[in-house]
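Chains E and X are the protein sequences, given in the same order. No gaps in the numbering here: position 60 of the first sequence is 603 in the working numbering, and each next residue is one more. No gaps in the numbering here: position 415 of the second sequence is 623 in the working numbering, and each next residue is one more. Built from N, CA and C at the ideal position, the CB exists for glycine as well. Read through the structure below, which is laid out as structure tokens, and then see the notes.
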Amino acid sequence: MFEAILLTVITASTPLVVAALGELVAERSGVLNLGVEGMMIMGAVFAFAATRYTGSPYIGILAGIAGGALFSLLFGFLTLTLVANQVATGLALTILGLGLSGQIGESFVGQPGIKLQPIVIPLLSEIPFLGKVLFSQDLIFYLSIALIIGIHWFLFRSRAGLKLRAIGDNHGSAHALGIHVIRMRYLAVMFGGACAGLAGAQLSLVYTPQWVENMSAGRGWIALALVVFASWRPWRVLAGGYLFGTVTIGQLHAQAFGIGVPTQLLSALPYAATIVVLIIISHNRRTTLINTPASLGKPFVPDR
Amino acid sequence: MTVSEGPAAVPLLSVRGLTKLFGNFAACDAIELDVAAGEIHALLGENGAGKSTLVKMLFGVLEPTAGQILWNGAPVTIRSPGEARRRGIGMVFQHFSLFEALTVAENIALSLDPKISLSRISDEAASLSKAYGLPLDPKAHVADLSVGERQRIEIVRALLQNPSLIILDEPTSVLTPQEADRLFETLFKLKDEGRSVLYISHRLEEVRRICDRATVLRHGKVRGACDPKKETPASLARMMVGSDVAEVHRDETAKLGDVQIEMDSLSVAARTPFAVSLKNISMKVRAGEILAIAGVAGNGQGELFDALSGEYPVADDNAIRLRGKPVGRLGINGRRLLGAGFVPEERHGHAAVAAMPLSDNLLLARSQSDKRAFLTGGGMSVIRHDAVRSATRRICQAMDVRKSGEDPQAGSLSGGNLQKFIVGRELDRQPAVLVVNQPTWGVDAGAASHIRQALIDLAKAGSAVVVISQDLDEIFEVATSIAVISEGRLSKPHAAGALTLERIGLMMGGIHESHSMPEAADAH
Numbered sequence: 544m545f546e547a548i549l550l551t552v553i554t555a556s557t558p559l560v561v562a563a564l565g566e567l568v569a570e571r572s573g574v575l576n577l578g579v580e581g582m583m584i585m586g587a588v589f590a591f592a593a594t595r596y597t598g599s600p601y602i603g604i605l606a607g608i609a610g611g612a613l614f615s616l617l618f619g620f621l622t623l624t625l626v627a628n629q630v631a632t633g634l635a636l637t638i639l640g641l642g643l644s645g646q647i648g649e650s651f652v653g654q655p656g657i658k659l660q661p662i663v664i665p666l667l668s669e670i671p672f673l674g675k676v677l678f679s680q681d682l683i684f685y686l687s688i689a690l691i692i693g694i695h696w697f698l699f700r701s702r703a704g705l706k707l708r709a710i711g712d713n714h715g716s717a718h719a720l721g722i723h724v725i726r727m728r729y730l731a732v733m734f735g736g737a738c739a740g741l742a743g744a745q746l747s748l749v750y751t752p753q754w755v756e757n758m759s760a761g762r763g764w765i766a767l768a769l770v771v772f773a774s775w776r777p778w779r780v781l782a783g784g785y786l787f788g789t790v791t792i793g794q795l796h797a798q799a800f801g802i803g804v805p806t807q808l809l810s811a812l813p814y815a816a817t818i819v820v821l822i823i824i825s826h827n828r829r830t831t832l833i834n835t836p837a838s839l840g841k842p843f844v845p846d847r
Numbered sequence: 209m210t211v212s213e214g215p216a217a218v219p220l221l222s223v224r225g226l227t228k229l230f231g232n233f234a235a236c237d238a239i240e241l242d243v244a245a246g247e248i249h250a251l252l253g254e255n256g257a258g259k260s261t262l263v264k265m266l267f268g269v270l271e272p273t274a275g276q277i278l279w280n281g282a283p284v285t286i287r288s289p290g291e292a293r294r295r296g297i298g299m300v301f302q303h304f305s306l307f308e309a310l311t312v313a314e315n316i317a318l319s320l321d322p323k324i325s326l327s328r329i330s331d332e333a334a335s336l337s338k339a340y341g342l343p344l345d346p347k348a349h350v351a352d353l354s355v356g357e358r359q360r361i362e363i364v365r366a367l368l369q370n371p372s373l374i375i376l377d378e379p380t381s382v383l384t385p386q387e388a389d390r391l392f393e394t395l396f397k398l399k400d401e402g403r404s405v406l407y408i409s410h411r412l413e414e415v416r417r418i419c420d421r422a423t424v425l426r427h428g429k430v431r432g433a434c435d436p437k438k439e440t441p442a443s444l445a446r447m448m449v450g451s452d453v454a455e456v457h458r459d460e461t462a463k464l465g466d467v468q469i470e471m472d473s474l475s476v477a478a479r480t481p482f483a484v485s486l487k488n489i490s491m492k493v494r495a496g497e498i499l500a501i502a503g504v505a506g507n508g509q510g511e512l513f514d515a516l517s518g519e520y521p522v523a524d525d526n527a528i529r530l531r532g533k534p535v536g537r538l539g540i541n542g543r544r545l546l547g548a549g550f551v552p553e554e555r556h557g558h559a560a561v562a563a564m565p566l567s568d569n570l571l572l573a574r575s576q577s578d579k580r581a582f583l584t585g586g587g588m589s590v591i592r593h594d595a596v597r598s599a600t601r602r603i604c605q606a607m608d609v610r611k612s613g614e615d616p617q618a619g620s621l622s623g624g625n626l627q628k629f630i631v632g633r634e635l636d637r638q639p640a641v642l643v644v645n646q647p648t649w650g651v652d653a654g655a656a657s658h659i660r661q662a663l664i665d666l667a668k669a670g671s672a673v674v675v676i677s678q679d680l681d682e683i684f685e686v687a688t689s690i691a692v693i694s695e696g697r698l699s700k701p702h703a704a705g706a707l708t709l710e711r712i713g714l715m716m717g718g719i720h721e722s723h724s725m726p727e728a729a730d731a732h
């Protein structure tokens, strides 16, 4: 019983973690992309379509990543090359993504999907209790953990990550040092799009292996809140993502057990938790200032 | 006019006909400049003379519209700062190009070869900073460092690349006199090693002290080159400004009246993590007196101004008294109605709304204190545009504000002219109490002397004036008494005549009167 709940928590948390990690990298470079929801749903529909035509969910994963990254390129072109307002463009990207994916996926509604099968790691999965939960998971779960380690290493150990953080802190100075601000931001935005696409693929291949319109159901927005929640640090995304996943699943079980609380209130729990945590975090202003990318959302035009 | 090291020596850097156009405006117009190896070369000019534009082209930040740069005699194109660094040009910016969220070592690493590990950079930075007398902790976050320390990072960062030319843009504008002395020692050390320094400044005394040659810019053109040691400050100023700068006159025997401003052991906690808390501040300013408050930026000047002006009222009503009335809890308009005037620093955004015309900016500041003159219709508060416009005209005339058109946007005025307007906006009311924060920061010499004279005249007419300033020359020009603010504490006031530059410098560095003098003498 407990094991089963843990498994559903992992399935519910993984897409949040993956999408938030991608957005974290984009925001660390100073770009605020509010289109996570749109990129996620595009990833979901691309992944479902590719899996359906090829029969391989792994090709589906690749298609989801490509779909999210391509869609984010549109955001990059508008905000980085044409210097459009990032907030407005991000909102437009979400609305466009939701509509466009519905259009693309119209014929898939009600069609059976193919579920991404777990990869059982020998020996490790035989560890009692946790082994089975942690080491007989699907590829996207393993990827999500690898992403956290990789992004943490990239941001705080590698020179390229240092440049990325520098751009996010002060793009004018970064430009003066000869760092290619726009080029790095394009890469960061596309990485964010790829991660959102991967998270979308998880939805249509693992969470509920079928296509349903608007199946991202607000997860992109939670991922955005998670980045702030995590104060732009990768490991805290993991903690935050699993907290949300647990609250979401707990809320479902509470409903199943018929606990006498209105369901609407329970569904609002994850969002209420976000607000509470944001208040707690904003208390320590110094750490927030050190971690918050100071040029977040500000357009960059080199004065050359 | 100049005697160089023999005609055969090829200058390290030569600039031939370098021009930069922004639209139709020539920020730099056919600039000619030679910097020899091993010399400290000054680039003199007022704000807006084109100094910063010129060095940005030399460092590859801006692309020249026309002209040529010769490096060791060979023509080069410098496309990016990285390329400039590879050729051996290092730069220390005026507004530091540092990343506050990163550590000292990370900041330095960003401008170096990516193959060098962070730990090696930390070690090298530490040893370099020791060798040149620039103490630094590589692991500290920049956000926690003082301005002087930040400048050291920039210098060490430039030095790590072993440059043959180092460009410094207004390096002493943020330093105490003692910190500046240390910087000069570092520069002399660099010169002895055969490196060249291009030193940008508008401070004539220090240019005369440390520079071997000077090139003077005005309105984007070279107005001459000279040996600054053979010139007087007045002759250099004439080259910079193009005409004689009016000297500021003060009547030494001004009569003092009643106490107009009184602050009684005021303490205010810091509002934000990077703000300074005010600690037990007391002051008394009489009618006819100009109290100047000196100090290095970020020692509580802004917070003190906020408390005095009522931008952030304080808890204790009696801690601040204006003209005998307790005003601690009163807001800015309440204090204005008692006859006080306030000029905050930062003319763009704080003292003026850049996108609004001058008349609107006037009305925004004085709609309450001059309600009867500018508003009509009783409770309706309808604006009397004719009255506002004629007051704007009056101010512009009194302060010699040069502008294009009748009522232009505040942002379209040059820094000096806008500053004259926002000071004039308060002076126009003949306030009995005036508090000014950084009255001439970033303002050309002509406008600065006009503003200073106006402040002196106001005090002479019987007002109490507080001038908060980082500019010691200004302080000595206007003040009748001087106090120093350091880490949120205000020293006792001293009569201006009884203080020397050196003494103030020590007080600014946080060495207070209570310390013994031998210790103080060690500090530099």
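Counting only runs of at least 4 residues, the stretch 592–655 of chain X fully encloses the following alpha helix (DSSP H) elements, listed from N- to C-terminal order: 593–607, 623–635. Per DSSP, the unbroken beta strand (DSSP E) holding X/S473 starts and ends at 467–476. The Cβ atoms of X/L572 and X/V590 do not sit closer than 8 Å to each other. In the DSSP assignment, X/S409 falls within the beta strand (DSSP E) that extends over 404–409. Counting along the chain, the unbroken beta strand (DSSP E) around X/R494 starts and ends at 486–494.
By the 16-neighbour rule on beta-carbons within 10 angstroms, X/L221 is buried. Excluding sequence positions up to five before and after X/P552, its CB lies within less than 6 Å of the CB of H558, A559, N645, all in the same chain and listed in chain order. Beta-bridge pairing by DSSP links X/D242 to X/S222. Taking 7 Å as the Cβ-Cβ cut-off, the stretch 673–704 of chain E approaches chain X at R702, given in chain order. X/V424 sits in a strand when the DSSP states are folded into three classes. Rounded to whole angstroms, X/E634 and E/T817 show a C-alpha spacing of 48 Å. Closest by C-alpha distance to X/A706, out of X/I693, X/M716, X/A687, is X/A687.
Rounded to the nearest whole angstrom, the CA to CA distance from X/N569 to X/D237 is 34 Å. Straight-line measurement puts the Cα of X/A235 at about 32 Å from the Cα of X/L663.
Cβ neighbours of E/Q680 within its own chain (closer than 6 Å, five residues either side excluded): P661. By the neighbour-count criterion, in which 16 or more other beta carbons inside 10 Å mark a residue as buried, X/M588 falls on the exposed side. Look at the beta carbons and you see the stretch 568–582 of chain E touching the stretch 724–733 of chain E: at least three pairs across the two are nearer than 8 Å. For E/F697, the enclosing alpha helix (DSSP H) covers residues 682–700. Interface residue (Cβ-Cβ distance to chain E less than 8 Å): X/E308 is classified as such.
X/K228 and X/P283 have their alpha carbons spaced roughly 18 Å apart. If you look at E/Q753, you'll find it isn't in any beta strand (DSSP E); DSSP assigns it neither H nor E. Out of X/K668, X/I324, X/N541, the CA that lies nearest to the CA of X/E497 is found in X/K668. Taking all protein chains shown into account, E/N827 has fewer than 16 neighbouring C-beta atoms within 10 Å of its C-beta and is therefore exposed.
With the criterion set as a beta carbon lying under 9 Å from some beta carbon of chain E, the members of the stretch 267–284 of chain X are F267, G268, V269, L270, E271, in sequence order. Distance from the CA atom of X/S288 to the CA atom of X/S404, rounded to whole angstroms, is 21 Å. Note that the C-beta distance between X/P441 and X/A422 is not below 8 Å. X/S443 and X/V631 have their C-alpha atoms spaced approximately 29 Å apart.
Legend: CB atoms of the stretch 343–359 of chain X lying less than 7 Å from CB atoms of chain E belong to residues H349, A351. E/N628 does not reach chain X, its nearest Cβ partner there being about 18 Å away, counting only Cβ pairs nearer than 7 Å. For the stretch 636–653 of chain E, the set of positions with a beta-carbon nearer than 9 Å to some beta-carbon of chain X is empty.
When secondary structure is reduced to three states using DSSP, E/A569 falls in the helix class. Chain X places no beta carbon closer than 8 Å to that of E/L577, leaving this residue out of the contacts. Distance from the Cα of E/A703 is smallest, within the candidate group E/M727, E/L682, E/F618, for E/M727. In the three-state reduction of the DSSP assignment, E/P600 falls in the helix class, which pools H, G and I. Going by C-alpha positions, X/K611 is about 9 Å away from X/Q617. Taking 8 Å as the CB threshold, X/L373 stays off the interface with chain E.
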